[in-house]
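Here is the structure we will look at, set down as structure tokens.
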Amino acid sequence: MEDFRGNSGPRGWRAAAEAALYGPGGFYRRPEGPAGHFRTSVHASPLFARAVARLLCRVDAALGRPAVLDFVDMGAGRGELVAGVLAALPSDVAARARAYAVEIAGRPAGLDERITWLSELPDTVTGLLFANEWLDNVPVDVVEVDSAGVPRLVLVTEDGSERLGEPVTGAEAGWLAHWWPLPAEEGLRAEIGLPRDRAWAAAVDRVVRGLAVAVDYAHTVETRPPFGTLTGFREGRETAPVPDGSCDITAHVALDACAAAPGMSRTPSAPARASSSAPSDTAQGAGASARELSGARLLTQRAALRALDLTGARPPLALASTDPSAYVRALASAGEATELRATGGLGDFGWLLQPVGIPDPLEDPLDTELPDTGRPDAGHPGTGRPETDLPEPPGR
Ligand SMILES: C[S@@+](CC[C@H](N)C(=O)[O-])C[C@H]1O[C@@H](n2cnc3c(N)ncnc32)[C@H](O)[C@@H]1O
């Protein structure tokens, strides 16, 4: 991996961010981990891991309760999600679960020893592969339209100063034309999502049977932001993106393009739009394969969590007099659930579901056998089909 230090020459954002985030001394190799700089759903509440555990139980049921059930946390940070999922599983499922954290950074001390820590995806996955806020950290190049109306690669130096480079050509130009067409208006910008499409397709490729899920702040072809979304985060604050290893560098994800990528990996230079013009509806993964890749679907986190029985309903007031401390706990849980489902916040995140050889587990809920005790919304199961709207959410 290339070092960012001492490389002051201008280069594309993809190479610059790759070195700044993952190179020697890079941002994501620092000891404090992602939680030291921003809050994901995983950090916001243990309810998130419990909902993912319920999803894993549904996948388990759809797979016919195999002897070994894989759970893979892709881009695992410090393993917080995978540890929470293991802790929330009913004992009969936990006994069959094989848990992996896939992360560029090293294994944190004290992690549950049942968790296998890997720097790359396992060869095969039968179960659930879950990637929370991974794809937004797969580095991408940025383009900007010049005064002649031509999209050019944006080059950046280690201090964050930019200038325009060559016009975009080849597969990158094809991706832009298809997924993020830029009017010939000086200053418009876009991020080329091709590396994310490829990363997602490669991850889905490891799933023999089960479900792959990518959760991220997303936009679709109807809602691309005119000036792109590249930004930085440092110690809880949004900041200018500077590729010097001091901050996170992230950009919203074109999840509709990712949805179409699995099955297209052999022809990466010729992307095909997933389905008609309904990117947030049931975008079909392109091309059936021997592994029965079908029915990729985009929905909001709010809809996904509701389908997983996390509604954020407040506890009944009567509980306050019969069991005040249970009431206070349930109220706190309801607050956390509200944050995970919030409009204008985490609830607007996109969930990209890619079933492989099983039905969509959020489309047709099966009995999860996960105890519901302590959840404020127990007894309020999901209400049928999830929402399919996917508004553009804010950044972290
Ligand atoms: C925004 S953090 C999310 C962490 C965690 N999933 C969460 O939701 O709190 C993204 C993580 O993905 C990791 N990552 C990025 N690319 C990766 C790759 N190719 N393989 C493994 N981990 C990767 C980064 O090191 C970082 O820890």
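Residue 109 is where the sequence shown starts when you use the working numbering, and the numbers rise one by one after that. Backbone N, C-alpha and C fix where the C-beta goes; we use that ideal spot for every residue, glycine too.
Residue from the options with nearest C-alpha to residue i
i	options	result
R173	F457, L407 and D200	D200
R206	D220, L460 and R215	D220
G257	E241, G134, E294 and A311	E294
E471	R405, P154 and D231	R405
A365	G183, W121 and H286	H286
P467	L319, A195 and T337	L319
E343	P423, G141 and V436	G141
E280	P303, S269, A292 and E270	P303
D305	A292, R314 and W283	W283
A426	V436, A239, D417 and L418	V436
G278	G117, R260 and S354	R260
G273	G452, L454, P463 and W121	W121
R147	Y208, E241 and A438	E241
L177	V233, A128 and A217	V233
A362	H145, A175, V246 and V150	V246
G458	L416, A209, V253 and A412	A412
V253	P275, L243 and A239	P275
G403	A450, T451 and Q462	Q462
P132	L416, A450, T446 and S354	S354
P198	Y208, A415, L163 and R186	L163
C165	A202, G185 and P154	A202
P424	S269, A438, E126 and D231	A438
D417	A124, T446 and Y208	T446
A124	D231, T408, S269 and S227	S269
CB of residue i within 9 Å of CB of residue j, strictly
i	j	result
V248	E299	yes
I223	V190	yes
P334	H360	no
D267	V193	no
F179	L448	no
P432	A170	no
G465	V316	yes
L290	V251	yes
G420	A442	yes
R297	L338	yes
C422	G455	A small fix is needed here, since residue 422 is Arg in this sequence, not Cys. Their beta carbons are not under 9 Å apart, which means R422 does not touch G455 by this criterion.
R137	Y130	yes
D506	V210	No statement about residue 506 is possible, as the shown extent of the chain runs from 109 to 504 and does not include it.
D352	A195	no
A143	E188	yes
T328	F341	no
R204	A175	yes
G134	T265	no
Inter-residue CB distance, residue i and residue j (contact presumed, cutoff 8 Å)
i	j	result
E444	A152	7 Å
V519	G235	With the chain represented from 109 up to 504, any question about residue 519 goes unanswered, as that position is not in the structure.
L263	R119	6 Å
L229	A292	The Cβ separation is near 40 Å, so there is no contact.
L237	A367	Actually they are not in contact, since the Cβ atoms of L237 and A367 sit about 15 Å apart, beyond 8 Å.
W308	P370	7 Å
D505	H145	Nothing about residue 505 can be reported from this structure: the residues present for the chain run from 109 to 504 only.
A239	V150	That pair is no contact at about 12 Å.
Start and end residues, beta strand (DSSP E) containing residue i
i	result
E211	That residue, E211, is in no beta strand (DSSP E); it is neither H nor E in DSSP.
P558	Outside the modelled stretch of the chain, which goes from 109 to 504, sits residue 558, for which no answer is possible.
P333	It is not in any beta strand (DSSP E) - P333 carries neither H nor E in the DSSP assignment.
L236	V233 to N240
D249	D249 to V253
R422	Element bounds for R422: n/a, residue is neither H nor E.
D200	Looking at the DSSP string, D200 is not in any beta strand (DSSP E); the run it does join, the alpha helix (DSSP H), is S199 to A202.
V176	No beta strand (DSSP E) contains V176, which DSSP labels as neither H nor E.
L460	G458 to V464
E346	R345 to T347
T224	I223 to L226
R342	T339 to R342
T358	D356 to T358
Limits of the alpha helix (DSSP H) - the one that residue i falls within
i	result
F135	Note, F135: premise wrong, no alpha helix (DSSP H); not H, not E.
G371	Element bounds for G371: n/a, residue is neither H nor E.
R162	P154 to A170
W308	L302 to D313
P432	P432 to L448
D267	No alpha helix (DSSP H) contains D267, which DSSP labels as neither H nor E.
W283	G278 to W287
V193	E188 to A196
L413	Q409 to A415
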